[in-house]
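Novice: The structure is given below, and queries will be raised subsequently.
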Amino acid sequence: MTLPDGVERREFDDEERLATRGQPVYGEPVVDGWRLWDARRSKLAAMFEREVETGLSGGDTVLYLGAASGTTVSHVADFAGPTYAVEFAPRPVRDLLDVADSRARLFPLLADARRPETYAHVVESGVDAIVQDVATRGQATVAVRNRQFLADDGRLIAAIKARSEDVTANPDAVFEDALDELRSAYEVLETTRLDPLHEDHLGVVARPR
Amino acid sequence: MTENSGRRDAGWFVDVDSGDVDAASDSIVDGSADAPQDWPQLAVDAGFAQSPDEYYDRLHEATIHAARRQVQERERADDQQLKHAIQAMDDCEARANELAERVVEWAGTLFEDVETGIEGARAVADREPSSPPEERVVALAERVVDLDDEATNLRAFVEQSAPAVAPNLSALAGPVLAARLISLAGGLEDLAKLPSGTVQLLGAEDALFAHLRGQAPSPKHGVIYTHEYVHGTDREHRGSAARALAGKLTIAARIDHYSGERRPELDAELEDRIARIRSRGDQ
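What follows is the structure, encoded as structure tokens:
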């Protein structure tokens with residue numbers, strides 16, 4: 018598997034770790050302009066650590082769903098092209114705005130990822146990748162509804178959180194249900210459990226059907 | 069709303085002057101479309117921007133402006149709405165109880181077997197009046213039912229909106245107590261800035277001032293007494309439980325105000341702490 022251009026393994030305290038170049042935002046270690054991208058704090062970084070083939074190559078147009086305060090988005094915007102960052106909760110968006118201030122191609126949108134019609138007049142069609150990390154119920158539904166933004170050869174890169182769907186159910190059963198629903202709009206290419214970096218999370222790469 | 073809100077196929081930049089950031093931000097917030105299109109190219113074709121690069125510069129400026137404005141509006145509004153809702157809920161409950169007493173007392177002179185409280189008033193409201201005074205007391209009982217129903221609706225609203233305003237505080241305190249603390253402090257920001265000792269005594273101001281005048285022992289808890297971790301802990305350890313709970317609630321309120329992200333580990337930490345305090349007596 019190849020890392021996208023702009024994502025490299027750099028040495029931090031004698032250890033090879035993922036890093037991107039850009040304005041530091043949350044107190045992360047920086048060596049020679051490269052910001053440490055901690056796989057324990059980011060599900061996308063964890064997928065790179067697990068050598069998942071994401072299809073991201075650098076300079077991609079990205080729709081990021083569930084941007085939260087922008088920890089992962091800041092790294093995505095470092096290596097990707099135009100990046101649309103959707104987040105529903107106002108308070109994390111306050112931090113996301115600081116991240117976007119120093120990144121000219123990062124576009125913050127305070128919107129509900131379950132309602133793409135509220136941002137379809139802003140987010141362009143034919144994006145190269147949807148990165149999804151939403152912690153609400155109905156994560157597969159979100160991915161299906163946002164399929165319309167994706168180019169035919171684009172990729173959905175999603176982290177499915179079992180506990181967001183049902184805290185009591187067996188994660189494997191939750192993941193199966195989510196994958197079944199995803200298959201209505203996507204062909205699933207790869208799945209990887211992200212434990213122990215992210216407990217009860219499943220990394221999924223898929224392309225539109 | 070913008071004039072083009074009826075059109076569901078237009079990009080955010082349509083009918084927006086390239087230099088007008090406020091109009092651009094309005095269009096981003098209020099607009100919608102049934103499906104995305106190649107907006108950068110369409111914007112260049114429409115003369116909104118000279119190049120995709122210039123389009124993205126404008127989009128960056130407009131989205132940041134829009135998001136900043138939305139965050140400010142939503143944050144300012146939500147905790148104040150919660151504050152009004154919890155106060156209105158208390159008002160409705162208090163008035164409903166007060167009027168229920170009046171209804172029951174009055175109805176007792178007209179009907180047999182009138183039960184006390186809100187339930188008694190509800191039973192009176194269901195009666196068929198057969199004289200002018202009965203008409204009045206049944207109508208008054210109906211007002212009690214309305215007030216009590218509204219209190220229930222307000223409680224449902226508080227339970228639904230508190231987790232959005234303060235996710236961690238609501239998880240630890242329960243939505244109603246979370247709303248009460250926010251209301252007593254004056255808002256979420258005010259609560260986040262209070263020291264934990266003050267949070268512990270919010271709602272116990274009368275007792276605190278009596279204590280300061282030298283007329284009473286120091287209060288150990290205010291409104292947080294309603295939390296099971298305080299009233300469910302035996303008297304000997306209740307002060308410690310109240311202090312521990314207030315400490316965690318203070319941290320939760322600060323996370324809610326300054327970050328807004330949910331931290332489930334707080335729940336477990338509090339649970340451990342209370343379990344340890346309660347087990348001290350067993351050793």
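So the protein sequences, as listed, match chains A and B. Okay, so the first sequence: first residue is 18 according to the numbering used here, each after it adds one. Okay, so the second sequence: first residue is 69 according to the numbering used here, each after it adds one. Virtual Cβ for every residue (Gly too), placed ideally from N, Cα, C.
Using beta-carbon positions only, say whether B:Gly315 and B:Lys288 come within less than 8 Å of one another.
Specialist: Contact: no.
Novice: Touching or not, the stretch 88 to 104 of chain B and the stretch 146 to 162 of chain A, by the rule of three or more beta carbon pairs under 8 Å?
Specialist: Not touching, per the Cβ criterion.
Novice: Mind checking who A:Gly220 pairs with in its DSSP beta bridge?
Specialist: Its beta-bridge partners are A:Ala176, A:Thr209.
Novice: Could you tell me which chain B residues have their CB closer than 7 Å to the CB of A:Val159, listed as they occur along the chain?
Specialist: Under the 7 Å cutoff, chain B gives no residues; its nearest Cβ is about 15 Å from A:Val159.
Novice: Using three-state DSSP, classify A:Tyr81 as helix, strand or coil.
Specialist: Of the three classes helix, strand and coil, the one that applies to A:Tyr81 here is strand, per DSSP.
Novice: Which residues bound the alpha helix (DSSP H) around A:Ala121?
Specialist: Looking at the DSSP string, A:Ala121 is not in any alpha helix (DSSP H), and its letter there is neither H nor E.
Novice: Checking contacts by CB at 8 Å: is A:Asp118 closer than that to chain B?
Specialist: With 8 Å as the cut-off, A:Asp118 counts as an interface residue toward chain B.
Novice: Where does B:Val112 sit, in a helix, a strand or coil, going by DSSP?
Specialist: Correct three-state label for B:Val112: helix.
Novice: Using 8 Å as the Cβ pair cut-off and three pairs as the minimum, do the stretch 158 to 165 of chain B and the stretch 259 to 274 of chain B touch?
Specialist: No, they do not touch.
Novice: How far does the beta strand (DSSP E) with A:Leu35 in it reach, from first residue to last?
Specialist: Counting along the chain, the beta strand (DSSP E) containing A:Leu35 begins and ends at 32 to 38.
Novice: Which residues does DSSP pair with A:Glu25 in a beta bridge?
Specialist: In DSSP, A:Glu25 forms a bridge with A:Ala36.
Novice: Going by beta-carbon coordinates alone, are B:Phe81 and B:Ala103 separated by less than 8 Å?
Specialist: Cβ atoms of B:Phe81 and B:Ala103: not closer than 8 Å.
Novice: Should A:Leu126 be flagged as near chain C, meaning a C-beta pair shorter than 8 Å?
Specialist: Absent here is chain C; the protein component of the structure consists of chains A and B.
Novice: Roughly how far, in whole angstroms, is the beta-carbon of B:Ala78 from the beta-carbon of B:Asp85, given that I think they are within contact range, below 8 Å?
Specialist: Actually they do not touch by this definition, with Cβ atoms about 15 Å apart.
Novice: Would you please verify whether the beta carbon of A:Ser74 is less than 8 Å from any beta carbon of chain B?
Specialist: By this cut-off, A:Ser74 is not an interface position.
Novice: Between A:Ala175 and A:Val144, is the Cβ-Cβ spacing less than 8 Å?
Specialist: No, the Cβ-Cβ distance between A:Ala175 and A:Val144 is not below 8 Å.
Novice: In the structure shown, what three-state DSSP assignment does B:Leu178 receive?
Specialist: Note: B:Leu178 maps to coil in three-state DSSP.
Novice: When DSSP labels each residue in this structure, what does B:Thr294 get in the three-state scheme?
Specialist: Residue state, collapsed to three classes: helix.
Novice: So which residues on chain B does A:Leu114 lean against when the C-beta distance must stay under 9 Å?
Specialist: Ordered by position in chain B, the residues that pass the 9 Å Cβ test against A:Leu114 are Ile132, Ala135, Arg136, Val139.
Novice: Going along the stretch 203 to 222 of chain A in order, which residues come within less than 9 Å of chain B, judged by CB to CB distance?
Specialist: Result list empty, no residue passes.
Novice: So with CB distances below 7 Å, who are the chain A contacts of B:Ile96?
Specialist: The answer, in chain order, is Val139.
Novice: Is it true that the CB of A:Val139 sits closer than 8 Å to the CB of A:Leu123?
Specialist: Not in contact: A:Leu123 and A:Val139 (Cβ atoms no closer than 8 Å).
Novice: Quick one: what does DSSP say B:Gln351 is sitting in, helix, strand or coil?
Specialist: Residue placement at B:Gln351 cannot be trusted, given a pLDDT of 45 that sits under 50; what the coordinates show is reported in the next sentence. Coil at B:Gln351, not helix or strand.
Novice: Since A:Thr88 meets chain B, which of its residues come closer than 7 Å, beta carbon to beta carbon?
Specialist: What A:Thr88 touches in chain B: nothing, since even the nearest Cβ is about 10 Å away.
Novice: Note down, in chain order, all residues in the stretch 172 to 203 of chain A with a beta-carbon under 8 Å from any beta-carbon belonging to chain B.
Specialist: Here the close residues number zero.
Novice: Residues in the stretch 329 to 346 of chain B with C-beta within 9 Å of chain A's C-beta atoms, listed in sequence order?
Specialist: Those residues of the stretch 329 to 346 of chain B that come within reach of chain A (Cβ to Cβ, closer than 9 Å) are Glu329, Arg330, Pro332.
Novice: Taking 8 Å as the cut-off, decide whether the C-beta atoms of A:Ala85 and B:Glu339 are in contact.
Specialist: Cβ distance not < 8 Å, so A:Ala85 and B:Glu339 don't count as in contact.
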